[in-house]
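To start, the structure itself, in structure tokens.
Residue numbers (the working numbering), protein chains in the order written: chain Y, 365 to 441; chain R, 101 to 314.
Structural data, given as structure tokens:
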């Protein structure tokens, strides 16, 4: 059985499905009986869901207009 | 044709026409990537004003060097590489060169020593909540606390959804380095955001499920 330490080390790869099937099964067996590790996994996934949403990161108001105005001047079109 | 292939083919067509002299089409070519370029510059510079200037410089540079874009390199990746280089150049010019030595130390830190401190479960986050200013500020604060080398990787991979390989190519890193930095960035982001998202004890009380009793 893998330890909490090993599960945490592979957490990111596990989320990305980038671990071999044997290790994956061991991690899953560990998660099934370790509340702490499964909570870290669950909250990491929630974090990724939040930051992956387009609405969370904004560009400053008027950014696009200023960019295209500067570009028009720079390229002459 | 898949959606990706359709975008690629439309871009190749635009690039050809711009190279042939139809300069105005450059506006259309860059429009889908403005936000990505800005956010990447912001991840390096941590300043909205500097990031905006770098975004403008990046687009102008891309225009003047468009002839150098090879057919086997995607425009998006090429543009983001210019953006990261422009942003890093500006950072070096600033007082912020101090970051570099700090980054180097942190990147050498032994792996696997991180133990999460925040274990509490998080609230469910309704889609609408992602538009709240308070949430955006919390995420921004957490990102600002990431060392820049983690910030760049995290931004490309988890915010912009580039693959590990694309992130590695854009930043000039190995795939292994991307994975290591991404892993640390994710754990740190989770840790930083936990105080904001964790369930308060009062949310766990059964009477909160229905109407407030007062």
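Every residue, glycine too, gets a C-beta built ideally from N, C-alpha and C. Since the structure is predicted, the reported quantities are computational estimates derived from the model, not experimental observations.
Supposed close pair residue 256 of chain R, residue 274 of chain R - CB separation, criterion 8 angstroms: Stepping through the second chain from its first residue, residue 256 of chain R is reached at position 156. Stepping through the second chain from its first residue, residue 274 of chain R is reached at position 174. That pair is no contact at about 15 angstroms.
Among R:103, R:258, R:291, R:248, nearest to residue 144 of chain R - alpha-carbon criterion: Translated into positions along the second chain, residue 144 of chain R becomes position 44. Measuring from the Cα of residue 144 of chain R, the nearest candidate turns out to be R:248.
Nearest to residue 152 of chain R (by Cα), restricted to the options Y:428, Y:411, Y:403: Counting from 1 along the second chain, the entry for residue 152 of chain R is found at position 52. Comparing Cα positions, the closest option is Y:428.
Range of the contiguous alpha helix (DSSP H) that encloses residue 220 of chain R: Within the second chain, residue 220 of chain R is the residue found at index 120, counting from 1. Taken as a continuous stretch (DSSP letters only), residue 220 of chain R belongs to no alpha helix (DSSP H), as it is neither H nor E.
Contacts around residue 183 of chain R, its chain only, beta-carbon distance under 6 angstroms, and the 5 residues preceding and following it disregarded: Along the second chain, read from residue 1 onward, the residue named residue 183 of chain R stands at position 83. For residue 183 of chain R, where only same-chain residues beyond five positions count, the Cβ hits under 6 angstroms are 137, 140, 141, 158.
Neighbourhood of residue 284 of chain R by C-beta distance below 8 angstroms, restricted to the same chain and skipping five residues each side: Translated into positions along the second chain, residue 284 of chain R becomes position 184. Correct list, in chain order: 214, 250.
Members of the stretch 422-438 of chain Y near chain C, C-beta cut-off 9 angstroms: Given the protein chain composition of this structure (Y and R), no chain C is represented.
CB contact flag (residue 175 of chain R, residue 223 of chain R, <8 angstroms): One-based indexing of the second chain puts residue 175 of chain R at position 75. One-based indexing of the second chain puts residue 223 of chain R at position 123. Their beta carbons are not under 8 angstroms apart, which means residue 175 of chain R does not touch residue 223 of chain R by this criterion.
Length at least 4, wholly inside the stretch 269-305 of chain R: the alpha helix (DSSP H) runs in chain order: 275-297
Cα-Cα separation between residue 107 of chain R and residue 218 of chain R, rounded to whole angstroms: Position 7 of the second chain holds residue 107 of chain R. Position 118 of the second chain holds residue 218 of chain R. Those two C-alpha atoms are separated by around 42 angstroms.
Secondary structure of residue 468 of chain Y, DSSP reduced to three states: Absent from the structure is residue 468 of chain Y, since the part of chain Y shown begins at 365 and ends at 441.
Contained beta strand (DSSP E) runs [length at least 3] in the stretch 152-203 of chain R, N- to C-terminal order: none
Buried versus exposed call for residue 191 of chain R [16 or more other C-beta atoms within 10 Å across all chains shown]: Along the second chain, one-based indexing puts residue 191 of chain R at 91. Classification for residue 191 of chain R: buried.
Per-residue DSSP class, three states only, for residue 102 of chain R: As a working note, residue 102 of chain R is residue 2 in the second chain. It is coil, neither helix nor strand.
8 angstroms Cβ cutoff, residue 365 of chain Y in contact with chain R: Locating residue 365 of chain Y in the first chain gives position 1, where the first residue counts as 1. No, residue 365 of chain Y does not count as interfacial toward chain R.
Closer than 8 angstroms to chain R by CB, residue 441 of chain Y: On the first chain, residue 441 of chain Y is found 77 positions in, with the first residue counted as 1. For residue 441 of chain Y, the answer is yes, since a Cβ of chain R falls inside 8 angstroms of its Cβ.
Closer than 8 angstroms to chain R by CB, residue 417 of chain Y: Position 53 of the first chain holds residue 417 of chain Y. Chain R, which has a Cβ nearer than 8 angstroms to the Cβ of residue 417 of chain Y, makes this yes.
Closest by C-alpha distance to residue 164 of chain R, when choosing among R:272, R:271, R:115: Residue 164 of chain R sits at position 64 when you count from the first residue of the second chain. Cα-wise, what sits closest to residue 164 of chain R is R:115.
Sub-8 angstroms separation of residue 289 of chain R and residue 376 of chain Y beta-carbons: Along the second chain, read from residue 1 onward, the residue named residue 289 of chain R stands at position 189. Along the first chain, read from residue 1 onward, the residue named residue 376 of chain Y stands at position 12. No, they are not a contact pair.
Helix, strand or coil at residue 428 of chain Y according to DSSP, with G and I counted as helix: By 1-based counting over the first chain, the position of residue 428 of chain Y is 64. If DSSP states are grouped into helix, strand and coil, residue 428 of chain Y belongs with the helices.
CB contact check: residue 278 of chain R to chain Y, cutoff 8 angstroms: Walking along the second chain from the start, residue 278 of chain R turns up at place 178. It does not: the Cβ of residue 278 of chain R has no partner Cβ on chain Y nearer than 8 angstroms.
Cβ pair residue 271 of chain R, residue 259 of chain R closer than 8 angstroms: The residue you call residue 271 of chain R lines up with position 171 of the second chain. The residue you call residue 259 of chain R lines up with position 159 of the second chain. No; because the gap between Cβ atoms is not below 8 angstroms, this pair is not in contact.
Assigned exposure category for residue 132 of chain R - 16 Cβ within 10 Å defines buried: For the purposes of this step, residue 132 of chain R is taken as the residue at position 32 of the second chain. Result: exposed.
Element boundaries [alpha helix (DSSP H), containing residue 371 of chain Y]: Mapped onto the first chain, residue 371 of chain Y falls at position 7. Residue 371 of chain Y -> alpha helix (DSSP H) spans 368-379.
With 16 other Cβ atoms within 10 Å as the buried cut-off, status of residue 102 of chain R: Locating residue 102 of chain R in the second chain gives position 2, where the first residue counts as 1. Residue 102 of chain R comes out exposed.
Run of the alpha helix (DSSP H) containing residue 410 of chain Y, from where it starts to where it stops: If you number the first chain from 1, residue 410 of chain Y lands on position 46. That run of the alpha helix (DSSP H) goes 399-415.
C-alpha distance - residue 425 of chain Y paired with residue 435 of chain Y, whole-angstrom precision: What you label residue 425 of chain Y is simply residue 61 of the first chain in a count that begins at 1. What you label residue 435 of chain Y is simply residue 71 of the first chain in a count that begins at 1. Spanning the two alpha carbons is a distance of roughly 17 angstroms.
Which listed residue (R:230, R:121, R:241) has its alpha carbon closest to that of residue 414 of chain Y: Translated into the one-based positions of the first chain, residue 414 of chain Y becomes position 50. Out of R:230, R:121, R:241, R:230 has the C-alpha closest to the C-alpha of residue 414 of chain Y.
Reduced DSSP secondary structure (H/G/I, E/B, other) of residue 252 of chain R: Within the second chain, numbered from 1, the residue matching residue 252 of chain R stands at position 152. In this structure, residue 252 of chain R counts as helix in the three-state DSSP scheme.
Closer than 7 angstroms at the beta carbon, the chain Y residues around residue 259 of chain R: Looking up residue 259 of chain R in the second chain gives position 159. Simply 415, 416, 421.
Proximity below 8 angstroms, CB of residue 442 of chain Y to CB of residue 238 of chain R: Nothing can be reported for residue 442 of chain Y: it is not among the residues displayed for chain Y, which extend from 365 to 441.
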